[in-house]
Amino acid sequence: PETVGDIEAFVMECHRRGQTIRPIGSSLSPNGIALNADGMIQMANIDRVLDIDTKNKTITVEAGITVQRVVEALRPHGYTLPNLASIAEQQMGGFTQVGAHGTGKAVAPV
857 PETVGDIEAF VMECHRRGQT IRPIGSSLSP NGIALNADGM IQMANIDRVL
907 DIDTKNKTIT VEAGITVQRV VEALRPHGYT LPNLASIAEQ QMGGFTQVGA
957 HGTGKAVAPV
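For the sequence shown, my numbering begins at 857 and goes up steadily by one.
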């Protein structure tokens, strides 16, 4: 899919059929936990920066954008992420879903 509307249509069709689906990202995990024999939906083309709010220091992105592209979008504004993954190809949907890469009380997960 390339738009939120595409995702909505796909999910509605799967629901109509009683088919389960699982969103997948960059498939970087060394295990098969993200795999689903019934169906998967790849989010890689849902990958835009929607807004950078410099006043509130926030960025709004779509789930398929990579960590690397988010960092690149923030750089001209003098910002970065508070916590970076060692694998910049991770997609933000998965990166935030798992609370990626906090290193303890001083550096919380994303």
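A virtual CB, placed ideally from N, CA and C, is assigned to each residue, including glycine. These numbers were taken from a predicted model, which means no experiment stands behind them.
Check, Outcome
"Sequence-distant residues of its chain with Cβ nearer than 6 Å to glutamate 918 (five each side left out)", "Ile902, Asp903 and Arg904"
"DSSP three-state assignment for threonine 922, whether helix, strand or coil", "strand"
"Contact check, glutamine 924 vs alanine 900, beta carbons under 8 Å", "no"
"Between the CA atoms of glycine 920 and alanine 865 - distance to the nearest angstrom", "18 Å"
"Cα-Cα separation, glycine 934 to glutamine 947", "22 Å"
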